[in-house]
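Going down the list, the sequences are from chains E and L.
Numbering of the first sequence is given in the working numbering, commencing with residue -14 and proceeding in unit increments.
Numbering of the second sequence is given in the working numbering, commencing with residue 369 and proceeding in unit increments.
Using N, Cα and C, we set each Cβ at its ideal position, and we do this for glycine too.
Have a look at the structure below before the remarks.
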Amino acid sequence: MSGATVMIVDDDDDLRETLAFILERGGYRTLEAAHGREALDHLLARGLPDLILLDMNMPVMDGWALARELRARGLGACPVVVLTAAHDAQRSAEEVGAAGFIGKPFELETLLELVRRHVAGAGASAPPPTTPPPSP
Amino acid sequence: MHSAWYMDLTAVLDGLLDGVMVFDAQGKLTAINKTGLRILSAQCLEELLERKPPVARDEEGTPIPPDCSPVARALRGEQVVHQLELLDGQKGPRVVLRARATPIRDQAGAIIGVVKTLTDVTYEHALERLKEDFIRVAAHELKTPVTLIRANAEATSNSLPDLPTSARQLLDALVRGADRIDRLVSSLLDLLELQGGLLSLSCRRVRLDQILAEVVSQLPRAAAARIRIPESPPVEVFGDARRLRQVTRALLDNAIKFSALRTPIEVTLARDERSVHLKVRDHGFGIPARAREHIFEKFFRAHSGTPQDTCGIGVGLFVAREIVRQHGGSIGFESVEREGTVFDVELPLGKRA
Chain E
-14 MSGATVMIVD DDDDLRETLA FILERGGYRT LEAAHGREAL DHLLARGLPD
36 LILLDMNMPV MDGWALAREL RARGLGACPV VVLTAAHDAQ RSAEEVGAAG
86 FIGKPFELET LLELVRRHVA GAGASAPPPT TPPPSP
Chain L
369 MHSAWYMDLT AVLDGLLDGV MVFDAQGKLT AINKTGLRIL SAQCLEELLE
419 RKPPVARDEE GTPIPPDCSP VARALRGEQV VHQLELLDGQ KGPRVVLRAR
469 ATPIRDQAGA IIGVVKTLTD VTYEHALERL KEDFIRVAAH ELKTPVTLIR
519 ANAEATSNSL PDLPTSARQL LDALVRGADR IDRLVSSLLD LLELQGGLLS
569 LSCRRVRLDQ ILAEVVSQLP RAAAARIRIP ESPPVEVFGD ARRLRQVTRA
619 LLDNAIKFSA LRTPIEVTLA RDERSVHLKV RDHGFGIPAR AREHIFEKFF
669 RAHSGTPQDT CGIGVGLFVA REIVRQHGGS IGFESVEREG TVFDVELPLG
719 KRA
């Protein structure tokens, strides 16, 4: 689905930039956050993207904590795809109840296919939370 | 009065750096040397006073059941050569001990006791853990830069449709280089998982012929051109596709590395009623006779220090064998020096295959 928005949450600046380039060329809009807290602040203020691409090991707020916060604040409707070292990807995805996972390093086609599948599965853009969330 | 012989023996035992203990046929402690006393008194003085063997834990920290202790095993006639015991009594820090136990028999051969030795390996054990942690952290830290190299090479190639073929080949080589680092890093992580008993398979029905084709397609072109695969019907096994790709890749990499450029490498798939055989035959240097028994050991490199010495850290076959074993299969080889080597992986057909 073209025009969908993917949020990239990863503490590595170069990797975020690379992922944004790849996804934008694939027809997506992208948002970037360097850690879970930055992602959460953005989501609370602006609503949910169509998909969150989530690294696990990050400073300030890691992937596990962000996934917990999303659920606790009723933002669990947005599919999350875990993006982490291949050895841990599946386990981490299960731990946070993610919709999917992809291991680092990955093939571009595999990444784009996964994003395509989960964005389509989520249907139209998820609405922002109905009740205004408490300020963090 | 003790005899001179007894005094000599006591002096010898007390001079040892290992703890030595003697148990009777009921498993009661009857003698202990100075080192043994020093090790145990710091940890479990009370048990020692009651002459009861202390309750030790295994490497995972689970208490070792009384009938699995080295002394109990030796009383049943077993020769226990290596059992790790963790002792954390009320006093002193946890110690890690390597225990050996040997039955003592009378002239008729009946077991009348056990002699147990304890070596304090706390320091070595801690060092081993430190090494594992270091490898784990370093390997994980390499994943992101490798991803950057790979993804950017691929993205550059994809986003420049007019790129000359030669330049595209350079970018492809960059992708393969990144994949090679990734495989090295992954083998180190596999090694840690194997040592921790954590390597797990996620098995389903997989096509071995397709796995083979995929692996060959990922080889550098010059190497792929050397692979000969005769037509074969679809071959299915019940297995973990990612792990079987890894085994296939390890065998092909070895065949490519240890044979002359442009010599063919034959790969065959065959099945009988119970199993599937994947054979990889090269016409290369062969495995030196002295190296054959070590070929599956970790960090062993058969051609180390010879003109055939190539890159690698010596974990490919070790990991491959463990993966094959976990599939319930086996791996073997035949080799003739200066003629070549055949590796033969046997995998059971398994469920519903």
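Query: Expressed to the nearest angstrom, what Euclidean distance is found between the alpha-carbon atoms of L:S371 and L:L381?; Result: 16 Å
Query: At 8 Å on the CB atoms, spell out the chain E contacts of L:A523, in chain order.; Result: T3, F6, I7, R10, L93
Query: Determine, using beta carbons only, whether L:F626 and L:F653 come nearer to each other than 8 Å.; Result: yes
Query: Under 8 Å, do E:A70 and L:K511 count as touching if we go by C-beta distance?; Result: yes
Query: From what residue to what residue does the beta strand (DSSP E) around L:K625 run?; Result: Here L:K625 belongs to no beta strand (DSSP E); instead the alpha helix (DSSP H) covers 609 to 625.
Query: Compute the distance between the beta-carbons of E:A62 and E:V81, then report whether it is under 8 Å.; Result: no
Query: Please give me, in chain order, every unbroken run of the beta strand (DSSP E) with length at least 3 that falls completely inside the segment 464 to 516 of chain L.; Result: 479 to 488
Query: Going by C-alpha to C-alpha distance, which of L:R548, L:L465, L:N520 sits closest to L:T403?; Result: L:L465
Query: How big is the Cα-Cα spacing for L:N520 and E:T3?; Result: 7 Å
Query: What is the rounded straight-line gap between the Cα of L:A593 and the Cα of L:P529?; Result: 26 Å
Query: Compute the Euclidean distance between the alpha carbons of E:G(-12) and L:A546, then round it to the nearest angstrom.; Result: 31 Å
Query: E:D(-1): which of L:E714, L:S554, L:V514, L:P602 sits nearest, CA to CA?; Result: L:V514
Query: Given this structure, state the Cα-to-Cα distance separating E:A43 from L:V692, to the nearest angstrom.; Result: Per the sequence shown, residue 43 of chain E should be read as Met rather than Ala. Approximately 36 Å between the Cα atoms of the pair.
Query: Excluding sequence positions up to five away, which residues of its chain have a Cβ less than 6 Å from the Cβ of L:L612?; Result: I579
Query: In angstroms, rounded to a whole number, what distance separates the CA positions of L:P588 and L:A541?; Result: 8 Å
Query: List the DSSP bridge partners of E:T15.; Result: E:V(-9)
Query: Please confirm whether E:A18 has its beta-carbon closer than 8 Å to some beta-carbon of chain L.; Result: no
Query: Check for me: the beta strand (DSSP E) holding E:F91 runs from which residue to which?; Result: No beta strand (DSSP E) holds E:F91; DSSP gives it neither H nor E.
Query: Along the beta strand (DSSP E) that carries L:T638, what are the first and last residues, could you check?; Result: A small fix is needed here, since residue 638 of chain L is Ala in this sequence, not Thr. Looking at the DSSP string, the run of the beta strand (DSSP E) that includes L:A638 is 633 to 639.
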